[in-house]
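When we follow my numbering, the leftmost residue of the sequence shown carries the number 2, and every step to the right adds one. Virtual Cβ for every residue (Gly too), placed ideally from N, Cα, C. Inspection log for the structure reproduced underneath, given as structure tokens.
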Amino acid sequence: MGAVDFMLGPLGEEDHGNWILSVLIDLNKEATEVFQIITIEIIEKVPIEPQYPKLTEGSNFILKFAYPIKYLESCELKGPKTLSDRYYNRTGNNVDSCEFIVTNITREDQEWWYIIGVGKIVYETKVYLKVINKKT
2 MGAVDFMLGP LGEEDHGNWI LSVLIDLNKE ATEVFQIITI EIIEKVPIEP
52 QYPKLTEGSN FILKFAYPIK YLESCELKGP KTLSDRYYNR TGNNVDSCEF
102 IVTNITREDQ EWWYIIGVGK IVYETKVYLK VINKKT
């Protein structure tokens with residue numbers, strides 16, 4: 002490690018967030034404090050349900066973290082480009098598992114879907130949705 006390098010760790014939930022690094026410099030017998038704000042973001046990868054979704058066009062896609070997470074404050078769903086004009090909603094069920102429902106899926110919804118949850122740390126998961134053509 003160099004003269005200006007530092008190391009932190011091991012890190013836990015309580016270390017997630019903003020930190021201030023400061024140093025006192027003695028310039029001409031006058032102490033000056035120099036500081037820098039840093040952010041430590043701890044991300045935990047969690048399993049998802051369902052793990053291998055394979056749905057028919059027109060079905061509803063329900064996805065969530067595989068287990069509840071304590072102290073969860075917010076959830077975000079990220080999906081394919083079609084999501085920008087798609088209707089999706091958090092269900093009232095499993096709020097601590099970030100459960101979402103995407104109604105009436107189409108072939109354009111076949112892509113990677115991501116859930117990001119924020120609590121004491123950041124929780125992330127992803128799943129690939131396979132969409133089967135609807136038989137007419």
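Bridge-paired residues (DSSP) for residue i
{"i": "Lys55", "result": "Lys131"}
{"i": "Lys79", "result": "Tyr115"}
{"i": "Val35", "result": "Val24"}
{"i": "Asn90", "result": "Ile102"}
Rounded distance between the beta-carbons of residue j and residue i, thought under 8 Å
{"i": "Lys131", "j": "Pro54", "result": "7 Å"}
{"i": "Phe101", "j": "Leu64", "result": "6 Å"}
{"i": "Val125", "j": "Lys46", "result": "Here the sequence assigns Glu to residue 125, which means Val is not the residue at that position. Indeed, because the Cβ distance is near 6 Å, the residues count as touching under 8 Å."}
{"i": "Glu58", "j": "Ile106", "result": "6 Å"}
Reduced DSSP secondary structure (H/G/I, E/B, other) of residue i
{"i": "Thr65", "result": "The residue asked about is misnamed: residue 65 is Lys in this sequence, not Thr. Strand."}
{"i": "Val5", "result": "coil"}
{"i": "Glu15", "result": "helix"}
{"i": "Glu109", "result": "helix"}
Host beta strand (DSSP E) of residue i (start-end)
{"i": "Ile43", "result": "Per DSSP, Ile43 belongs to no beta strand (DSSP E) and is neither H nor E."}
{"i": "Val24", "result": "18-28"}
C-alpha distance - residue i paired with residue j, whole-angstrom precision
{"i": "Val119", "j": "Gly80", "result": "18 Å"}
{"i": "Cys99", "j": "Ile117", "result": "8 Å"}
{"i": "Thr92", "j": "Lys121", "result": "22 Å"}
{"i": "Gln37", "j": "Pro51", "result": "43 Å"}
{"i": "Leu12", "j": "Trp113", "result": "30 Å"}
{"i": "Val35", "j": "Leu28", "result": "12 Å"}
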